[in-house]
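Take the sequence shown: its letters are residues 1 to 319, numbered as in the UniProt record's numbering. Think of the CB as a built atom: it goes at the ideal place given N, C-alpha and C, for glycine as much as any other residue. This one's a predicted model, so the numbers in the text were calculated from it and none came from an experiment. I have placed the structure first, in the form of C-alpha cells, so that the comments after it can refer back to it.
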Amino acid sequence: MRQAGRSLPEYRKIRAGVGMLESCRRPELVTEITLQPVRRHDVDAAILFSDIVVPVAAAGIDLDIVAGTGPVVAEPIRTAGDLERLRPITPEDVGFVAESVRLLVAELGATPLIGFAGAPFTLASYLIEGGPSRTYLKTKAMMYGQPELWNALLTRLSEITLTFLRTQVDAGVSAVQLFDSWAGALSEADYRQYVMPHSAAVLRGLLGAGVPRIHFGVGTAVLLEAMGEAGADVVGVDWRTPLDVATKRIGPDRSVQGNLDPAILFAGWETVEREARRVLAQGASAPGHIFNLGHGVMPETDPEILTRLVALVHDVSSR
Ligand code: 1CP
1 MRQAGRSLPE YRKIRAGVGM LESCRRPELV TEITLQPVRR HDVDAAILFS
51 DIVVPVAAAG IDLDIVAGTG PVVAEPIRTA GDLERLRPIT PEDVGFVAES
101 VRLLVAELGA TPLIGFAGAP FTLASYLIEG GPSRTYLKTK AMMYGQPELW
151 NALLTRLSEI TLTFLRTQVD AGVSAVQLFD SWAGALSEAD YRQYVMPHSA
201 AVLRGLLGAG VPRIHFGVGT AVLLEAMGEA GADVVGVDWR TPLDVATKRI
251 GPDRSVQGNL DPAILFAGWE TVEREARRVL AQGASAPGHI FNLGHGVMPE
301 TDPEILTRLV ALVHDVSSR
C-alpha cells in the first residue's frame with residue numbers, strides 16, 4: 001500500500017511546510033510517516049517513506065519533487081557529456097536512509113519493513129524527459145537511436161540502485177521492491193533487449209542478501225514472464241491482469257503481489273468487499289500471494305475504507 005500515507009490527515013499535518021525530498025532526508029520524520037499507516041490500518045508490513053528519485057539526487061542530479069506533479073529534473077540527461085553529472089554513489093551518500101531504516105526496525109518489532117528503489121528504466125525516463133511523461137518519446141528516442149549512451153546510462157543507474165538497496169538491506173529491511181513503474185510502455189522484445197539486463201543486474205546483485213525481491217510495474221501484462229525471469233521472488237501485478245492469469249504467465253516458482261484497483265476504493269464498501277474477495281480467490285493459485293493494491297493509494301481515498309479492507313483480508317486469509 002505504497003503512498004498510503006498520502007490519504008492520511010496525520011500525514012498532511014506532519015508534512016505541512018516540509019518539501020518531499022527534505023522529508024525523505026530527516027530520519028525522525030521518515031520514521032513517523034512510515035509508521036502512520038501501520039498504526040492506523042494494522043497492515044502486515046511497512047513500506048519505507050522515501051521516493052525512487054532520492055538516490056539520483058544523492059548522485060548529484062539537481063531535481064525536485066513538485067507537489068501535484070512528481071519529480072522534475074532541472075537539466076535532463078540527453079548526451080554523453082550530461083551523463084557525467086550522474087556520479088556513482090557510496091552508502092554514505094544515502095546515510096540518512098540507513099539511519100531511517102535502523103530507527104524503523106527498532107520501532108517496528110516483528111512487523112517487517114520493505115525497502116525499495118526505482119528500476120533503471122523508470123529512473124532513466126525521469127532523467128531523460130525531465131519529469132513525468134505520457135509518451136516517453138525522448139526516452140525511447142535515446143533507447144533506439146543512441147544504444148551506447150542508453151546502455152551507459154542504465155548501467156550507471158543499475159549501480160546506483162544496487163548500492164541504494166544494499167544500504168537498506170545492511171541497515172535491516174526485511175524485503176526489497178524494485179519499482180519499474182513505467183516499463184509497461186515497452187514491448188516484450190524491447191524490454192528484454194534494452195531494459196531487462198540492467199534490472200537483472202540489480203536483482204542478481206541482491207541474491208544472497210537473504211531478502212525476498214519484489215519486482216513491480218504498471219501495464220505489464222505482456223512483460224510479467226520477463227519481469228519474473230529478471231530475478232524476482234515475487235512479481236507485482238497491476239489491476240489489469242487477474243492474478244490466476246498472471247500466475248500462469250509467471251510460472252509456478254514465483255509468488256505474486258497485487259492487485260485491487262485503487263479506484264475500487266471509491267465505489268462503496270460492498271464493491272470493495274466483492275472485489276477484494278475475488279483478488280484473494282484468484283491469488284490462491286500462486287505459490288504465495290501478498291495482497292496489495294494494483295498501484296498506489298489515491299490521496300482522496302477514505303482511510304476508513306483502507307482499515308476495513310485490511311481487516312477483511314486478515315479475516316479471509318486466516319480461514
Ligand atoms: O507510502 C509511501 O509513502 C511510500 C513511499 C513512496 C514510494 C514507494 C513514495 C512517496 N514514492 C514511492 C515510489 C515512486 N515514486 C514510484 C514508484 C511507485 C509506483 O509505481 O507507485 C514512482 C513512479 C515515483 C515518482 C513519483 N514521486 C511520482 C509519480 C509521478 C509520475 O510520473 O506520474 C510522484 C507523484 C512522486 C511524489 C511522491 N512520492 C511519495 C509521495 C508520498 C509523493 C507525493 C508527494 C508528497 O506527498 O508531497
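Margin query: Following a CB-centred definition, is residue 298 positioned closer than 7 angstroms to any heavy atom of the ligand 1CP?
Written below: For the purposes of this step, residue 298 is identified with residue 298 of the sequence shown, where counting begins at 1. Checking the Cβ of residue 298 against the ligand 1CP gives no.
Checklist line | Where residue 64 sits in the DSSP three-state scheme | finding: As a first step, residue 64 is located in the sequence shown; it is residue number 64 there, counting from the start. Residue 64: strand per DSSP, three-state reduction.
Note to self: Given 7 angstroms as the limit, tell me if residue 118 has its C-beta closer than that to any heavy atom belonging to the ligand 1CP.
What the structure shows: The residue given as residue 118 occupies position 118 in the sequence shown. For residue 118, the Cβ falls inside the 7 angstroms cut-off from some heavy atom of the ligand 1CP.
Notebook entry, point to check: According to DSSP, what are the bridge partners of residue 72?
Noted result: What you label residue 72 is simply residue 72 of the sequence shown in a count that begins at 1. Within the DSSP bridge table, the entry for residue 72 names 64 as partners.
Checklist line | Beta bridge counterpart(s) of residue 133 as assigned by DSSP | finding: As a first step, residue 133 must be located in the sequence shown, where it is residue number 133. According to DSSP, residue 133 bridges with nothing at all.
Note to self: In this structure, how does DSSP classify residue 14 when only helix, strand and coil are distinguished?
What the structure shows: As a working note, residue 14 is residue 14 in the sequence shown. Of the three classes helix, strand and coil, the one that applies to residue 14 here is helix, per DSSP.
Next item on the list: Return the chain-ordered ranges of every alpha helix (DSSP H) run that is complete within the stretch 262–304 and spans a minimum of 4 residues.
Entry: For the stretch 262–304, whole alpha helix (DSSP H) runs of length 4 or above, ordered along the chain, are 269–283.
Margin query: Taking only three categories from DSSP, how would you classify residue 116?
Written below: Position 116 of the sequence shown, counted from the start, is the residue given in the question as residue 116. Strand at residue 116.
Next item on the list: Under 8 angstroms by Cβ, that's how I've got residue 266 and residue 176 pegged, so tell me the actual separation to the nearest angstrom.
Entry: Residue mapping note: residue 266 aligns to position 266 of the sequence shown, counting from 1. Residue mapping note: residue 176 aligns to position 176 of the sequence shown, counting from 1. Incorrect: roughly 31 angstroms between the Cβ atoms, too far for contact.
Checklist line | Beta carbon of residue 200 nearer than 8 angstroms to that of residue 230 | finding: On the sequence shown, residue 200 is found 200 positions in, with the first residue counted as 1. On the sequence shown, residue 230 is found 230 positions in, with the first residue counted as 1. With respect to the 8 angstroms criterion, residue 200 and residue 230 are classified as neighbours on the basis of their beta carbons.
Check: Where are the alpha helix (DSSP H) runs, 4 residues long or more, that stay fully inside the stretch 77–121, in chain order?
Finding: The qualifying runs are 80–83 and 95–108.
Notebook entry, point to check: Less than 7 angstroms between the CB of residue 174 and some heavy atom of the ligand 1CP, yes or no?
Noted result: Residue numbering aside, residue 174 sits at position 174 when the sequence shown is read from its first letter. Judged by the Cβ position, residue 174 fails to qualify as a neighbour of the ligand 1CP at the 7 angstroms threshold, every heavy atom of the ligand being at least this far.
Next item on the list: On the DSSP bridge assignment, give the partners of residue 257 in chain order.
Entry: Stepping through the sequence shown from its first residue, residue 257 is reached at position 257. Note: residue 257 sits in a beta bridge opposite 236 and 290.
Checklist line | Buried or exposed (CB count within 10 angstroms, at least 16 for buried), residue 302 | finding: In the sequence shown, the residue the question calls residue 302 occupies position 302. Result: exposed.
Item checked: C-alpha gap between residue 151 and residue 48, whole angstroms -> The residue labelled residue 151 in the question sits at position 151 within the sequence shown. The residue labelled residue 48 in the question sits at position 48 within the sequence shown. Here the alpha carbons of residue 48 and residue 151 stand approximately 29 angstroms from one another.
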